[in-house]
Amino acid sequence: MLNSYLRVFRHGVIPTTLICSIVLLFATSSFGQGNVSGRASGNQASNPPNILVIMPDDVGYWNVGAYSHGMMIPTPNIDRIAKEGMLFSDHYSQPTCTPGRASFITGQLPIRTGLTTVGMAGSPIGLDQRDPSLAVVLKTLGYKTGQFGKNHLGDRNEHLPTVHGFDEFYGNLYHLNTEEEPELGDWPKDEGFNKRYRPRGVLDCIATNTDDPTVDERFGKVGKQRIKDTGPLTRKRMETVDDEFVDRTIDFITRSNKEGKPFFAWFAPSRMHIYTHLRPGREKLAAEHSSELDIYGSGMIEHDMQVGTLLKKLDELKIAENTIVVYTTDNGAMAAWWPDGGTTPFRSEKATTWEGGVRVPLLVRWPAKIAKGKVSNGIQEHIDLFTTLAAAAGRPNIREELRQSHNVYIDGVNNLQHWTGDSPSARNIVYYYNESEMTAIRIGNWKSHFKIREGFFDYNRPSAL
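First residue of the sequence shown: 110, per the working numbering; consecutive thereafter.
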């Protein structure tokens, strides 16, 4: 029934019947300088920018120093992106990991693609070949494309990044807590159970032109890619796996630059999803700033160090001027697991459509085009990153082009002039979906909730626990 529902909205506009009966409940807050946004500019392809998207996991709005202004853990390297670029106060993702990542890479609301929730290991839920990714779009413009870190858009071979426009992928496919379940004492030791349900390990994949007909009984046909499982993401490996992702990202950027090709690198580290496992010597990095029990804060300090490593490499290669660096996260803060949880000034948290669950940090730096220290109070979403980055790379009319070539409806708007000029944001409406259910809407400074839920768990309903 859900699939039938999804097909109805796959190629059309979001239904507006509910909007007619909206009672606007409360105004949402903004801060900083005035609204500074806009519409698409001309073709940028004569000197296409490199693109580095940094998308950590479950980072709270206030866990970034540029937003909390010294009230939380210091994040000087992440803050550097804001100081040398643009900070967005009203940027939205989705309530959870898979839809948040899917909205960015497809430019579509997850209700269209079916990526509204997380699938079990081996599930048919995943990125569909009918939905072109941003990597596919950028490949048409001569970009080298690579993803490093968490994907979470399906774990079958047909869902892997290297058959969706990425030249290479090195990363994991699930939540961290899913990855460590085989180490729990109650995980069945039965060989048949493991063969059927155990999550895949960290994969090392390369796109190829040769169609490999090999069929895995659980994960399907290999297709036009080479796949190597480098082993499980164990608790011990979680201590340093982001270093692996950083190293592969740097290697990819270095090789792309040497070849003289623009690159699109999507760095998606495991921090700060539960459960945080830090290497010896780093468990108490946050002690002098908050508490020795603040494992989340210590993880953020380590994550900030890794962001600094990536920014330093851009400087060393002398390519920072024409590289777009995007820093954001997949969904709102998961506060329920504090002290292994994020912080937000807004109501509630991840897995809800209250502001705390979907309003996320977004910092964008592009020295060649974006003025330093710019602040936007304009409304924007992850789906708009798809269209805006495509426009910056040379395809400002990507919505219309994909409508004709792929029969898909791209929900994102082209906000390039908002980033680089003084035009207002091209977006004024946000539709909030909790999985496949539309639960709220924001129009301008007003928001209405159709259905409410107080938090990640409903403590008044034991079954929710």
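Built from N, CA and C at the ideal position, the CB exists for glycine as well. No experiment lies behind these values; they were computed from the predicted model shown.
Annotation: the continuous alpha helix (DSSP H) that includes Gln415 extends over 404 to 425. Around Arg551, the same chain offers Val539 as residues with beta carbons nearer than 6 Å, after the five sequence neighbours per side are excluded. In this structure, the CA atom of Ala395 is about 17 Å from the CA atom of Tyr384. DSSP places Ala374 in the uninterrupted beta strand (DSSP E) bounded by 372 to 377. Per DSSP, reduced to three states, the secondary structure at Lys248 is helical. Here Asn186 has Asp413, Met414, Val416, Gly417, Leu420 as same chain residues with Cβ atoms under 8 Å from its own Cβ, once five neighbours each way along the sequence are excluded.
Annotation: Gln217 to Thr207 spans about 13 Å, alpha carbon to alpha carbon. Counted as a single uninterrupted DSSP element, the beta strand (DSSP E) harbouring Phe257 occupies residues 253 to 258. Residue state for Ala549 is assigned as strand, using DSSP reduced to three classes. Here Thr254 really is in contact with Phe373; their C-beta atoms are around 5 Å apart, less than 8 Å. Taking 8 Å as the cut-off, the beta carbon of Ala502 is found closer than this to the beta carbon of Leu250. Taking the Cα positions, His382 is about 16 Å away from Ser202. In the DSSP assignment, Leu472 falls within the unbroken beta strand (DSSP E) covering 471 to 474.
Secondary structure at Trp528: helix, using DSSP grouped into helix, strand and coil. Going by C-alpha positions, Arg327 is about 19 Å away from Gln238. Residue burial annotation: Val324 is exposed, with fewer than 16 other C-beta atoms found within 10 angstroms of its C-beta. Counting along the chain, the unbroken alpha helix (DSSP H) around Leu498 starts and ends at 491 to 502.
Shown here, His200 sits in a strand according to DSSP, grouped into three states. Collapsing the DSSP output to three states places Leu243 in a helix. For Ser177, the enclosing alpha helix (DSSP H) covers residues 174 to 177.
Counting along the chain, Arg346 sits inside no beta strand (DSSP E); it lies in the alpha helix (DSSP H) bounded by residues 344 to 347. Counting the other Cβ atoms within 10 Å of the Cβ of Asn172 gives 16 or more, which makes it buried. Rounded to whole angstroms, the separation of the alpha carbons of Glu277 and Asn303 is 28 Å. For the options Val467, Pro378, Glu490, Pro341, the alpha carbon positioned closest to that of Arg357 is the one of Pro378. Residues of the same chain with a CB within less than 7 Å of the CB of Thr497, apart from the 5 flanking positions on each side, are Asn523, Asn524, Leu525, Trp528 in chain order.
Just measuring C-alpha positions, the residue of Pro371, Thr319, Phe275, Val227 sitting nearest Ala460 is Val227.
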